[in-house]
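A.B. asks:
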Amino acid sequence: MPLLPDADNSNLFQPLGSTVEAITSAPEATIDEQGVLDTRANEESQIVQEIESLCMNCRENGTTRLLLTSIPYFREIILMSFSCPHCGFRNSEIQPASEIQEKGSRYRFLIESKEDLNRQVVKSESCDCAFPSISLEIPHQRGQLTTIEGLLTEVVEDLSQSQPVRKYSEPEAFQKIEAVLAKVQEMIDGKVLPFQVVVDDPAGNSWIELSPGESHEKWSKTEYFRTLPQNQALGLVNADQDTQDGEQEGEQGADRQQTLPISNDEIHTFHATCPSCLRRCDTHMKLVDIPHFKEVVIMSTVCDNCGYKSNEVKTGGEIPPKGKRITLKVDDPEDMARDILKSETCALTIPELNLDLTAGTLGGRFTTLEGLLREVFEQLDTRVFSETSDSMDPERMERWNTFLRGLQDAIEGKRTFTLILDDPLAASYLQNVYAPDPDPNMTIEEIERTEEQNEDLGLNEINV
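Going by UniProt numbering, the first residue of the sequence shown is number 1, and it counts up by one from there.
Okay, here's the thing in structure tokens:
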């Protein structure tokens, strides 16, 4: 639902840096006795909306200020700040202005220097944060716009509040918490590098700031389907009989479909369960024979209840003993028309462009090389709300613009580059235009899977 009827939301959600500059430079802006910016002088043109609301501390009326803004490379958010002139209580939080996403998201970021602690973090009210190296988890609470250092500092403040009491009432707990506080403080001071932070949000509305060209070892994002308890916690479904019936009918429909013969000449439709809202929906499936490769299944799912859409490509056959790495030297614009099948387990790398897509990014895709790179470009470009926004560091903004220009040149065939497909299941394919003869610009090599890859793919638990 839009915030205002018949309104252009793009005018409401200006970039964060531009909004702050407009507020602080306004001639009518003043600072009150409590150090809070007052923008009520010009009500018609005010950027910060102010609402009188109840203070939960003293039960008197205070003021809530709302700021509609956007974070470059992420999405629109609502910043809320409450202050009470009677008791001095203050509170601030963040709420996503966008709807709950189709999938949950999990970000992993490796802190390798003290500068990495300054990375921005959007933490929604349904998000959990974890620091695996010290077994520390921050449960979901109010939404925040902060940094990684801010998360750790808040942990120190929260745990330190009751330490004077614990020192005498619970000496053993006091010593354990003191040890945790010491470790967290060392992390803040940059003395125990590197370490990892994990941001997990079933609503898909949390985020860790990304710099262009970062490898998936340092920054990675994984999308996943929510479980039934997660959907219930977000208020998307109720644990009623209707939902249970829908699940049962979807499972029965899928079981019945397994007995149907599949041919290349027809599209099969069977009933399934929507992974987003768990209601019944239809999945369409067609078998496609890729020359000089294998048969693959193209699947499409559309849910009429919540609008969820999904297009996937599945490869069949047995799991090969080794993975496969395909390397193509792209030096001709005609190479962009080559067919490409990127499976869900395939990682894509272009060293010349500093492009590194982890396995699972974009899911399974059967398209052309141009179509795949154009989809990558659109996914990144839609996160850029304004190229001239001063909410980003100028140097970082220039790196982003350079990266996107280089990717656009590659799509248009204006530069040469090397495409590397690394698939531990050997389920990806790149068209050989010289087939059945070898392609002079393409090499295909078998690679041994690592123990970690076997574990992630569930191959260590397979009994044959």
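Glycine included, each C-beta is placed from N, C-alpha and C at the ideal position.
So Leu-419 and Ile-350 are in contact, right, with Cβ under 8 angstroms, and what is the actual spacing, rounded?
C.D. replies: Working through the sequence shown from its first residue, we reach residue 419 at position 419. Working through the sequence shown from its first residue, we reach residue 350 at position 350. 6 angstroms between Cβ atoms; contact.
A.B. asks: Which ranges would you report for the beta strand (DSSP E) in the segment 381-448 if only whole runs of at least 3 residues count?
C.D. replies: Counting whole runs of 3 or more residues, the segment 381-448 contains the beta strand (DSSP E) stretches 417-423 and 442-447.
A.B. asks: Taking the alpha carbon of Lys-322 as the point to measure from, which residue in Leu-459, Glu-93, Gly-364 and Gly-88 has its own alpha carbon closest?
C.D. replies: Stepping through the sequence shown from its first residue, residue 322 is reached at position 322. Closest by alpha carbon: Leu-459.
A.B. asks: According to DSSP, simplified to helix, strand and coil, what is Val-237?
C.D. replies: For the purposes of this step, residue 237 is taken as residue 237 along the sequence shown, with counting starting at 1. Three-state result, Val-237: coil.
A.B. asks: Along the chain, where does the beta strand (DSSP E) that runs through Asp-201 open and close?
C.D. replies: Position 201 of the sequence shown, counted from the first residue, corresponds to residue 201. Where Asp-201 is concerned, the enclosing beta strand (DSSP E) stretches over 195-201.
A.B. asks: State the DSSP-derived secondary structure class of Ser-160, mapped to helix, strand or coil.
C.D. replies: As a working mapping, residue 160 is identified with position 160 in the sequence shown. Three-state DSSP puts Ser-160 in a helix.
A.B. asks: Given a cut-off of 8 angstroms on the beta-carbon distance, is the pair Asp-356 and Ser-215 in contact?
C.D. replies: Position 356 of the sequence shown, counted from the start, is the residue given in the question as residue 356. Position 215 of the sequence shown, counted from the start, is the residue given in the question as residue 215. Yes, the pair counts as a contact, with Cβ atoms nearer than the cut-off.
A.B. asks: Do you know how far the Cα of Asp-128 is from the Cα of Gly-406?
C.D. replies: Here residue 406 refers to the residue found at position 406 of the sequence shown. Here residue 128 refers to the residue found at position 128 of the sequence shown. Their Cα atoms are separated by approximately 36 angstroms.
A.B. asks: Just reading off the alpha helix (DSSP H) that Met-187 is part of, what are its end residues?
C.D. replies: As a position in the sequence shown, residue 187 is number 187, starting the count at 1. 171-188 is the span of the alpha helix (DSSP H), which, as asked, contains Met-187.
A.B. asks: Assuming the contact rule is C-beta atoms closer than 8 angstroms, Leu-341 and Val-313 should be a hit. Round their C-beta distance to whole Å, please.
C.D. replies: Here residue 341 refers to the residue found at position 341 when the sequence shown is read from its first residue. Here residue 313 refers to the residue found at position 313 when the sequence shown is read from its first residue. Yes, Leu-341 and Val-313 are in contact; Cβ-Cβ is about 6 angstroms, under 8 angstroms.
A.B. asks: Quick one: grab the DSSP three-state call for Thr-64.
C.D. replies: As a first step, residue 64 must be located in the sequence shown, where it is residue number 64. Strand, per DSSP.
A.B. asks: Are the beta-carbon atoms belonging to Met-397 and Thr-368 less than 8 angstroms from one another?
C.D. replies: Counting from 1 along the sequence shown, the entry for residue 397 is found at position 397. Counting from 1 along the sequence shown, the entry for residue 368 is found at position 368. Contact flag unset, no.
A.B. asks: Would the beta-carbon of Ile-138 fall within 8 angstroms of that of Phe-195?
C.D. replies: Residue numbering aside, residue 138 sits at position 138 when the sequence shown is read from its first letter. Residue numbering aside, residue 195 sits at position 195 when the sequence shown is read from its first letter. No.
A.B. asks: Would you call the CB atoms of Ile-94 and Gly-150 closer than 8 angstroms?
C.D. replies: The count along the sequence shown starts at 1 and reaches residue 94 at position 94. The count along the sequence shown starts at 1 and reaches residue 150 at position 150. No. Outside cutoff.
A.B. asks: On a CA-only basis, which of Ser-81, Glu-266, Ser-211 and Arg-279 is nearest Leu-228? Give me that one, please.
C.D. replies: Walking along the sequence shown from the start, residue 228 turns up at place 228. Answer by Cα proximity: Arg-279.
A.B. asks: Measure how close the beta-carbons of Gly-204 and Ser-105 come, nearest whole angstrom, since I'm counting them as under 8 angstroms.
C.D. replies: On the sequence shown, residue 204 is found 204 positions in, with the first residue counted as 1. On the sequence shown, residue 105 is found 105 positions in, with the first residue counted as 1. With a Cβ gap of about 4 angstroms, Gly-204 and Ser-105 count as contacting.
A.B. asks: Span of the alpha helix (DSSP H) holding Asn-454?
C.D. replies: Locating residue 454 in the sequence shown gives position 454, counting from the first residue. That run of the alpha helix (DSSP H) goes 451-456.
A.B. asks: With DSSP as the reference, identify every bridge partner of Asp-304, one or two as the case may be.
C.D. replies: Position 304 of the sequence shown holds residue 304. Note: Asp-304 sits in no beta bridge, so no partner.
A.B. asks: DSSP state of Lys-114, grouped into three classes?
C.D. replies: Counted from its first residue, the sequence shown places residue 114 at position 114. DSSP places Lys-114 in helix when its eight states are reduced to three.
A.B. asks: Less than 8 angstroms between the C-beta atoms of Tyr-308 and Ser-276, yes or no?
C.D. replies: Reading the sequence shown from its first residue, position 308 is the one you call residue 308. Reading the sequence shown from its first residue, position 276 is the one you call residue 276. In contact: Tyr-308 and Ser-276 (Cβ atoms closer than 8 angstroms).
A.B. asks: Please list, in chain order, all residues of the same chain as Gln-141 whose beta carbon is under 8 angstroms from its beta carbon, the five residues on each side excluded.
C.D. replies: Within the sequence shown, the letter at position 141 stands for residue 141. Within the same chain, Gln-141 has close Cβ partners Glu-125.
A.B. asks: Which class does Ala-337 belong to by DSSP, given the choice of helix, strand or coil?
C.D. replies: Start at 1 with the first residue of the sequence shown, and residue 337 comes out as number 337. In this structure, Ala-337 counts as helix in the three-state DSSP scheme.
A.B. asks: Hey, how far is the Cα of Arg-449 from the Cα of Ala-272?
C.D. replies: Here residue 449 corresponds to residue number 449 of the sequence shown, with the count starting at 1. Here residue 272 corresponds to residue number 272 of the sequence shown, with the count starting at 1. Looking at the two C-alpha atoms, the distance is approximately 33 angstroms.
A.B. asks: Only counting the same chain, and skipping five residues up and downstream in sequence, which positions put a Cβ closer than 6 angstroms to that of Ile-267?
C.D. replies: Numbered from 1 along the sequence shown, position 267 holds the residue referred to as residue 267. For Ile-267, where only same-chain residues beyond five positions count, the Cβ hits under 6 angstroms are His-284 and Lys-286.
A.B. asks: Relative to the C-alpha of Val-237, which candidate in Ser-206, Asp-409, Cys-274 and Ser-211 has its C-alpha closest?
C.D. replies: Here residue 237 corresponds to residue number 237 of the sequence shown, with the count starting at 1. That would be Cys-274, whose Cα lies nearest to the Cα of Val-237.
A.B. asks: State the Cα-Cα distance for the pair Leu-328 and Phe-403, rounded to the nearest angstrom.
C.D. replies: For the purposes of this step, residue 328 is taken as the residue at position 328 of the sequence shown. For the purposes of this step, residue 403 is taken as the residue at position 403 of the sequence shown. If you take the alpha carbons of Leu-328 and Phe-403, they lie about 21 angstroms apart.
A.B. asks: Which residues in the same chain as Phe-109 place their Cβ atom closer than 6 angstroms to its Cβ, once the five residues preceding and following it in sequence are excluded?
C.D. replies: Locating residue 109 in the sequence shown gives position 109, counting from the first residue. Hits under 6 angstroms: Val-197, Ile-208 and Trp-219.
A.B. asks: Gln-431: buried (16+ other C-beta within 10 angstroms of its C-beta) or exposed?
C.D. replies: Position 431 of the sequence shown, counted from the first residue, corresponds to residue 431. Under this definition Gln-431 is a buried residue.
A.B. asks: Going by C-alpha distance, which of Asp-200, Ser-211 and Val-121 is nearest Arg-226?
C.D. replies: The sequence position of residue 226 within the sequence shown is 226, counting from 1. Comparing Cα-Cα distances from Arg-226 to each of Asp-200, Ser-211 and Val-121, the minimum goes to Asp-200.
A.B. asks: Would you kindly work out how many angstroms separate the C-alpha atoms of Cys-281 and Glu-102, rounded to a whole number?
C.D. replies: Translated into positions along the sequence shown, residue 281 becomes position 281. Translated into positions along the sequence shown, residue 102 becomes position 102. Answer to the nearest angstrom: the Cα atoms are 15 angstroms apart.
A.B. asks: Please list, in chain order, all residues of the same chain as Ala-173 whose beta carbon is under 8 angstroms from its beta carbon, the five residues on each side excluded.
C.D. replies: Stepping through the sequence shown from its first residue, residue 173 is reached at position 173. Closer than 8 angstroms at Cβ, skipping near neighbours: Arg-166.
A.B. asks: To the nearest angstrom, how far is the alpha carbon of Gly-371 from that of Gln-408?
C.D. replies: Locating residue 371 in the sequence shown gives position 371, counting from the first residue. Locating residue 408 in the sequence shown gives position 408, counting from the first residue. Looking at the two C-alpha atoms, the distance is approximately 12 angstroms.
A.B. asks: I'd like to know whether the C-beta atoms of Leu-210 and Ser-343 end up nearer to each other than 8 angstroms.
C.D. replies: Indexing the sequence shown from 1 puts residue 210 at position 210. Indexing the sequence shown from 1 puts residue 343 at position 343. No, they are not a contact pair.
A.B. asks: Could you tell me which residues DSSP puts in a beta bridge with Ala-272?
C.D. replies: Taking the first residue of the sequence shown as position 1, residue 272 is located at position 272. Ala-272 is bridged to Cys-281.
A.B. asks: Using the three-state DSSP reduction, which class does Ser-81 fall into: helix, strand or coil?
C.D. replies: As a first step, residue 81 must be located in the sequence shown, where it is residue number 81. Ser-81: strand per DSSP, three-state reduction.
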